[in-house]
Amino acid sequence: MAMNTTRAVETSETIRDDVGMAWRIKASFVKYIAGMNDGAVRILPGSSVTPNGEYYFTLEHYDFDSETLTGVVKFRGGVEFSGHFGMLNLSLTDPWISFREGTALISAVTGAGERVEFCAVAAAAPLIDGDVLMWRDIPTFLTSVGEPLFNNVYRGNEPFAPLTVRIPA
Ligand code: HEM
């Protein structure tokens, strides 16, 4: 049976901590920042850090058809990386995942204020965990559009961190 869920998660009463998105983005990049004397990671409102060091983003809105595996899931929050005395500054806020046929893309608003589809997701069908649809530890890859965000150090298809997403079923 087709299951088409469209819902905004609006009020504080509807915020659930068993749904959302958890992603380390790119472990070696986080390590690179941590290795700088002035390296810093700022966690913006809507985000937190999970016990295993992933960045968590709050679910804001979802519109997902579990039969065609298409739709958009929107999250709130952000992470800002800085270092090299201000020469490195990358913020990734309010990530969205757009599921299209056979693929999915992660976008985020960058410091320049534009939304960039910087990662691709090897999105298979979600698992069902009680009343939650879950994608767990799904491989992600940089897109060529995302290369400049990381100073063109990584090229397109560079593996990024595994992604976990949970939305209400
Ligand atoms: C003053 C400017 C910069 C200097 C001197 C610099 C220097 C370096 C050095 C020496 C490395 C190798 C580090 C290692 O292997 O541990 C590196 C890696 C890297 N840099 Fe920079 N960098 C600069 C600016 C930037 C900027 C603006 C970005 C944009 C985000 C950036 C992104 C990266 C990335 C993604 C890596 C690879 C990290 C990894 O996965 O190991 N860098 N950089």
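Just so we're aligned, residue 0 is where the sequence shown starts under numbering that gives the first Met the number 0, counting upward by one. Note that the Cβ used here is the ideal one computed from N, Cα and C, for glycine as well.
Item                                                                                                                                     : Value
Restricting to runs no shorter than 3 residues, where is the beta strand (DSSP E) found entirely within the region 31-73?                : 39-43, 46-48 and 54-64
Quick check: what's the CA-CA separation for residue 10 versus residue 18?                                                               : Residue placement at residue 10 cannot be trusted, given a pLDDT of 43 that sits under 50; what the coordinates show is reported in the next sentence. Using only the alpha carbons, I get a separation of about 15 Å.
Do you know how far the Cα of residue 39 is from the Cα of residue 83?                                                                   : 10 Å
Could you tell me the alpha carbon to alpha carbon distance between residue 96 and residue 44, rounded to whole angstroms?               : 19 Å
At a cut of 8 Å, does the region 87-95 reach the region 108-115 through at least three beta carbon pairs?                                : yes
Is any heavy atom of ligand 1 found at a distance shorter than 7 Å from the C-beta of residue 89?                                        : yes
Assign residue 132 to one of two classes, buried (16 or more other C-beta atoms within 10 Å of its C-beta) or exposed (fewer than that). : buried
Measure how close the beta-carbons of residue 123 and residue 102 come, nearest whole angstrom, since I'm counting them as under 8 Å.    : The pair is not a contact, with the Cβ atoms about 11 Å apart (cut-off 8 Å).
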